[in-house]
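K.L.:
Following the numbering used here, the numbering of the sequence shown begins with 15 at its first residue and continues without gaps.
Cβ atoms here follow ideal geometry from the backbone N, Cα and C, with glycine treated the same way.
As the structure is a computational prediction, the values presented were derived from the model and not from experiment.
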Amino acid sequence: MRSITHWEFVQEDTPDTFEPPFCLNPKCRYHCERAAGKAAVPWFYRHGSYHTEAFGEVPRFRCRHCGRGCSRQSFRLDYYAKRVLDYRELLRQLVSCGSTRDMSRAFCATTSTVANRIERLARAAAALHAGVLQRIGVGEPLVIDGFQNFALSKYFPNNINVLIGQHSGLLYDCDYRTIRRS
Numbered sequence: 015m016r017s018i019t020h021w022e023f024v025q026e027d028t029p030d031t032f033e034p035p036f037c038l039n040p041k042c043r044y045h046c047e048r049a050a051g052k053a054a055v056p057w058f059y060r061h062g063s064y065h066t067e068a069f070g071e072v073p074r075f076r077c078r079h080c081g082r083g084c085s086r087q088s089f090r091l092d093y094y095a096k097r098v099l100d101y102r103e104l105l106r107q108l109v110s111c112g113s114t115r116d117m118s119r120a121f122c123a124t125t126s127t128v129a130n131r132i133e134r135l136a137r138a139a140a141a142l143h144a145g146v147l148q149r150i151g152v153g154e155p156l157v158i159d160g161f162q163n164f165a166l167s168k169y170f171p172n173n174i175n176v177l178i179g180q181h182s183g184l185l186y187d188c189d190y191r192t193i194r195r196s
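1. Keeping to the same chain, check which residues put their C-beta closer than 6 Å to that of residue 99; ignore five residues upstream and five downstream.
2. What do you reckon, are the CB atoms on residue 68 and residue 96 nearer than 8 Å?
3. Could you pull out every unbroken alpha helix (DSSP H) segment of at least 4 residues lying fully inside the region 54 to 138, listed in chain order?
4. With distance defined between alpha-carbon atoms, name the residue in 31, 163, 185 nearest to residue 71.
5. Using 8 Å as the threshold, is the C-beta distance between residue 189 and residue 172 below it?
6. Beta-carbon separation of residue 57 and residue 76 under 8 Å?
7. Apart from the five residues just before and just after residue 108, which ones in its own chain have a Cβ nearer than 7 Å to its Cβ?
8. Looking only at its own chain, which residues have a Cβ that is under 7 Å from the Cβ of residue 53, when we skip the five neighbours before and after it?
9. Distance check for residue 161 and residue 73, CA to CA, integer angstroms please.
10. Cβ atoms of residue 179 and residue 142: under 8 Å apart, would you say?
11. Going by the DSSP bridge assignment, what does residue 195 pair with across the sheet?
12. Can you tell which of 125, 159, 177, 37 has its C-alpha closest to the C-alpha of residue 89?
13. DSSP on residue 184, reduced to helix/strand/coil?
14. What did DSSP end up calling residue 146 once you bin it into helix, strand or coil?
15. If you draw a straight line from the C-alpha of residue 80 to the C-alpha of residue 39, how long is it?
16. Keeping to the same chain, check which residues put their C-beta closer than 8 Å to that of residue 182; ignore five residues upstream and five downstream.
17. Please return the same chain residues whose Cβ sits closer than 7 Å to the Cβ of residue 191, not counting the five positions on each side in sequence.
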């Protein structure tokens with residue numbers, strides 16, 4: 015399973031106005047978004063650009079502290095993708111119970127491309143949710159509930175437990191456990 019990082023959705027900016035939120039080097043003092051935002055002088059400088067078929071002109075940046083380079087693509091949901099799909103439309107079809115094959119027909123893409131973008135969207139949403147939970151405190155009563163389900167078949171039962179805020183309905187935690195068959 016891939017780890018969830020502290021990346022968040024980045025506003026759509028033009029190549030001229032985009033500023034990287036933090037340094038990608040985990041050992042750099044500007045790796046923390048708060049430290050990078052509080053720097054008196056910008057922690058980065060523009061270091062040219064490059065052109066891609068999918069995204070056009072992409073600006074590059076270099077950290078003044080550690081020298082690590084990054085580009086606008088490093089902070090996009092489409093990082094390392096060769097083709098752009100509309101994530102708003104993808105999410106709309108996903109919540110309306112569209113199948114992967116239907117979505118691939120609508121986007122004129124393969125099912126593996128659509129599945130990859132759904133996975134990217136899910137990781138970004140989980141990271142955004144984790145970031146929200148770090149910033150807020152628990153200021154309401156919590157409700158816990160669970161249900162028993164099956165994974166693949168009746169031979170693989172599991173329990174799924176959720177911890178939710180009573181008034182807000184915010185999901186604070188969830189737990190998945192495989193159980194022995196009874």
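P.N.:
Reading from the atomic positions:
1. The count along the sequence shown starts at 1 and reaches residue 99 at position 85. Counting only Cβ-Cβ distances below 6 Å, and skipping sequence neighbours, we find 121, 131.
2. In the sequence shown, the residue the question calls residue 68 occupies position 54. In the sequence shown, the residue the question calls residue 96 occupies position 82. For residue 68 and residue 96, yes; Cβs fall inside 8 Å.
3. 101 to 109, 114 to 121
4. Reading the sequence shown from its first residue, position 57 is the one you call residue 71. With distances taken between Cα atoms, residue 71 lies closest to 31.
5. For the purposes of this step, residue 189 is identified with residue 175 of the sequence shown, where counting begins at 1. For the purposes of this step, residue 172 is identified with residue 158 of the sequence shown, where counting begins at 1. Cβ atoms of residue 189 and residue 172: not closer than 8 Å.
6. In the sequence shown, residue 57 corresponds to position 43, counting from 1. In the sequence shown, residue 76 corresponds to position 62, counting from 1. Contact: no.
7. As a first step, residue 108 is located in the sequence shown; it is residue number 94 there, counting from the start. 132.
8. Counting from one through the sequence shown, the residue named residue 53 turns up at place 39. Same-chain partners within the cutoff: 44.
9. Here residue 73 refers to the residue found at position 59 of the sequence shown. Here residue 161 refers to the residue found at position 147 of the sequence shown. Answer to the nearest angstrom: the Cα atoms are 49 Å apart.
10. If you number the sequence shown from 1, residue 142 lands on position 128. If you number the sequence shown from 1, residue 179 lands on position 165. No, they are not a contact pair.
11. Residue mapping note: residue 195 aligns to position 181 of the sequence shown, counting from 1. In the DSSP assignment, residue 195 is bridged to no other residue.
12. Taking the sequence shown and counting its residues from 1, one reaches residue 89 at position 75. Among 125, 159, 177, 37, the Cα nearest to that of residue 89 is on 37.
13. Working through the sequence shown from its first residue, we reach residue 184 at position 170. Looking at residue 184 - three-state DSSP - the assignment turns out to be coil, as it is neither helix nor strand.
14. Your numbering for residue 146 matches position 132 in the sequence shown. Helix, per DSSP.
15. Working through the sequence shown from its first residue, we reach residue 80 at position 66. Working through the sequence shown from its first residue, we reach residue 39 at position 25. One C-alpha to the other measures close to 8 Å.
16. Here residue 182 is taken as the residue at index 168 of the sequence shown, counted from 1. Closer than 8 Å at the Cβ level, and outside the excluded window around residue 182, lie 154.
17. The residue you call residue 191 lines up with position 177 of the sequence shown. 172, 173.
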